[in-house]
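Chains as they are written, first to last, in UniProt numbering: chain A, 1 to 205; chain B, 1 to 205.
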């Protein structure tokens, strides 16, 4: 009996990562179809996983949401995003990747909205603040590379420009989801790229 | 008795707009302190208004949220925003006004996040879609005025630029709320204004 239990437990442990990944996949499908659930219990009920089982993997709704986002996000540049890719292009490519995952932008909007509530979603707030810092630092480095190469005006503050590019990309994806016929993320970001072209020996414009 | 009832009802009707305004004010205070409530019942409990009384004024949580936002929003330009004020400046002034109303940006983020859920928040979605259309149309007109006066490059599409300015302003306010020390809405928007200066006889740059 003790042996059986140990064996069962061993089997559960071996299966845990796979089961966790299944839960994350079903959660993002749910978010795309029905929106982000308001509690861990409600999310469990909707994806057919018991509250206890869900709690085994995720201590709270916020932990689950952050885990789902981490699993699927395309917002952080890929290793292939070389230094000579412009800040605007990096965000545009990530917007392109996001578009392929229904529910991801809704989840991202929920996480950033939750993060605004200082005392109610500490895990979400830490995650989103840290993510913005990382994204801005990467974009600012690309702006500085452009300035070193002479393609971007030297009097533009790279950190201010980085916040602008991240903001424009987030806001445009949201407007596009609401009115796909009226908004074109690519074309609007291309306007911003006039100011912030990629680094390179030649001026882009 | 019937007279009393009629009189009481008459008094209620006379008081209704005032009572409704009180509820809207207490709701936005609540949103600033504790976040946007998840149901009409929860919001009523938090602001000390019975569910029945709340239902007298607002048919649903979404109706209440939209009404609170309408009551307090500063996102739409003031009548004093003359045509020669740049698109970027209009959004910057509205960001400035928003900052004075704690809870408003949280409420706006909640409304736009809810609006992404096509089938679950129809009233919110209609309101937010219509608001974006109105804001973009106003901003596009300012870009066209800049192009007519020669201050903005003629080959920039005014509608694409309008979406860009609205997106940048929304996204920057959100990043600023999360990291006030790292993000400066004014400075980042000023970078965008290099491309999209106000209309005027003289070139701004």
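Even glycine gets a Cβ: it sits at the ideal position worked out from N, Cα and C.
All of these numbers come straight from a predicted model, not from anything done at the bench.
C-alpha distance - residue 167(B) paired with residue 49(A), whole-angstrom precision: As a position in the second chain, residue 167(B) is number 167, starting the count at 1. As a position in the first chain, residue 49(A) is number 49, starting the count at 1. Going by the C-alpha atoms only, they are around 38 Å apart.
Can you find a C-beta in chain A that's less than 7 Å from the C-beta of residue 4(B)? Here residue 4(B) refers to the residue found at position 4 of the second chain. Only weak support is given to the placement of residue 4(B): the predicted model assigns it a pLDDT of 45, under 50, and the question is left unresolved by the model.
Between 197(A), 140(A), 112(A) and 59(A), which has its C-alpha nearest residue 170(A)'s C-alpha? As a first step, residue 170(A) must be located in the first chain, where it is residue number 170. Of the listed residues, the one whose Cα sits closest to residue 170(A) is 112(A).
So is the beta-carbon of residue 107(B) under 6 Å away from any non-hydrogen atom of the ligand NAD? Of ligands this structure carries none, so the ligand NAD is not represented either.
From the DSSP output, in three-state form, read off residue 139(B) for me. Locating residue 139(B) in the second chain gives position 139, counting from the first residue. It is helical.
Please return the same chain residues whose Cβ sits closer than 8 Å to the Cβ of residue 115(A), not counting the five positions on each side in sequence. Residue numbering aside, residue 115(A) sits at position 115 when the first chain is read from its first letter. Result list for residue 115(A): 121, 124, 125, 127, 128 and 129, in chain order.
Indicate whether at least one CB of chain A lies closer than 7 Å to the CB of residue 38(B). Your numbering for residue 38(B) matches position 38 in the second chain. Yes - at least one Cβ of chain A is within 7 Å of the one on residue 38(B).
I need the boundaries of the alpha helix (DSSP H) containing residue 71(B), first residue and last residue. As a working mapping, residue 71(B) is identified with position 71 in the second chain. Run containing residue 71(B): 61-72, per the alpha helix (DSSP H) assignment.
When 117(B), 72(B) and 87(B) are compared against residue 98(B), the one with the closest alpha-carbon: Working through the second chain from its first residue, we reach residue 98(B) at position 98. Of the candidates 117(B), 72(B) and 87(B), 72(B) places its Cα closest to the Cα of residue 98(B).
Between residue 54(B) and residue 44(B), how many whole angstroms is the CB-CB distance? I'm expecting something under 8 Å. On the second chain, residue 54(B) is found 54 positions in, with the first residue counted as 1. On the second chain, residue 44(B) is found 44 positions in, with the first residue counted as 1. Contact flag correct, Cβ pair sits at about 4 Å.
Identify which residue in 56(A), 19(A), 158(A) and 64(A) has its Cα closest to the Cα of residue 36(A). Taking the first residue of the first chain as position 1, residue 36(A) is located at position 36. The candidate whose alpha carbon is nearest that of residue 36(A) is 64(A).
Residue-chain proximity (residue 147(A), chain B), Cβ-Cβ < 7 Å: Looking up residue 147(A) in the first chain gives position 147. With 7 Å as the cut-off, residue 147(A) does not count as an interface residue toward chain B.
Does the beta-carbon of residue 82(A) have 16 or more other beta-carbons within 10 angstroms, so that it is buried, or is it exposed? The residue you call residue 82(A) lines up with position 82 of the first chain. Exposed.
Quick one: is residue 171(B) near chain A, going by C-beta distance under 7 Å? The residue labelled residue 171(B) in the question sits at position 171 within the second chain. By this cut-off, residue 171(B) is an interface position.
Looking only at C-alpha atoms, which of 132(B), 90(B) and 193(B) sits nearest to residue 108(B)? Taking the first residue of the second chain as position 1, residue 108(B) is located at position 108. Looking at the Cα atoms, 132(B) is the closest of the given residues.
Please specify which runs of the alpha helix (DSSP H), each continuous and at least 4 residues long, are wholly inside the region 73-138 of chain B, giving them in chain order. Here the runs fully enclosed are 87-99 and 104-115.
Can you tell which of 176(B), 172(B) and 145(B) has its C-alpha closest to the C-alpha of residue 159(B)? The residue given as residue 159(B) occupies position 159 in the second chain. Of the listed residues, the one whose Cα sits closest to residue 159(B) is 145(B).
Chain-ordered neighbours of residue 183(A) on chain B, where CB pairs are closer than 7 Å: Within the first chain, residue 183(A) is the residue found at index 183, counting from 1. What residue 183(A) touches in chain B: 163.
Distance between residue 59(B) and residue 34(A) (C-alpha atoms, nearest Å): Within the first chain, numbered from 1, the residue matching residue 34(A) stands at position 34. Within the second chain, numbered from 1, the residue matching residue 59(B) stands at position 59. Roughly 22 Å separates the two Cα atoms.
Is there a Cβ of chain A sitting closer than 7 Å to that of residue 177(B), yes or no? By one-based count along the second chain, residue 177(B) stands at place 177. For residue 177(B), the answer is yes, since a Cβ of chain A falls inside 7 Å of its Cβ.
Could you name the residues of chain B that residue 106(A) contacts, counting a contact when the two beta carbons are closer than 8 Å? Position 106 of the first chain holds residue 106(A). Neighbours of residue 106(A) on chain B, chain order: 113, 116 and 117.
Any C-beta of chain B under 7 Å from that of residue 132(A): By 1-based counting over the first chain, the position of residue 132(A) is 132. By this cut-off, residue 132(A) is an interface position.
Check the Cβ of residue 194(B) against every Cβ in chain A and list those closer than 7 Å, keeping chain order. If you number the second chain from 1, residue 194(B) lands on position 194. In chain order: 195.
Applying the 10 Å Cβ sphere with the 16-neighbour rule, what's the burial state of residue 27(B)? As a position in the second chain, residue 27(B) is number 27, starting the count at 1. It is buried - the Cβ of residue 27(B) has at least 16 other Cβ atoms within 10 Å.
Beta carbon proximity, residue 191(B) to chain A, threshold 7 Å: Here residue 191(B) corresponds to residue number 191 of the second chain, with the count starting at 1. Chain A contact via Cβ: present.
Inter-residue Cα distance where the pair is residue 69(B) and residue 149(A): The residue you call residue 69(B) lines up with position 69 of the second chain. The residue you call residue 149(A) lines up with position 149 of the first chain. Cα-Cα distance, rounded: 46 Å.
Taking only beta-carbon positions, decide if residue 95(B) is within less than 7 Å of chain A. The residue labelled residue 95(B) in the question sits at position 95 within the second chain. Not one chain A Cβ lies under 7 Å of residue 95(B).
Use the C-beta contact count for residue 260(B): other C-beta atoms within 10 angstroms, 16 or more gives buried, fewer gives exposed. With chain B running from 1 to 205 in the structure shown, residue 260(B) is simply not present.
Do residue 163(A) and residue 165(B) count as a contact pair if the criterion is CB distance below 7 Å? The residue given as residue 165(B) occupies position 165 in the second chain. The residue given as residue 163(A) occupies position 163 in the first chain. Taking 7 Å as the Cβ cut-off, residue 165(B) and residue 163(A) do not qualify as a contacting pair.
Could you check if residue 175(A) is buried or exposed, using at least 16 other CB atoms within 10 Å of its CB as the buried criterion? The residue labelled residue 175(A) in the question sits at position 175 within the first chain. So residue 175(A) counts as buried.
Count the other C-beta atoms from every protein chain shown that fall within 10 angstroms of the C-beta of residue 134(A), then say buried if there are 16 or more, exposed otherwise. Walking along the first chain from the start, residue 134(A) turns up at place 134. Classification of residue 134(A): exposed, given that the 10 Å Cβ count is below 16.
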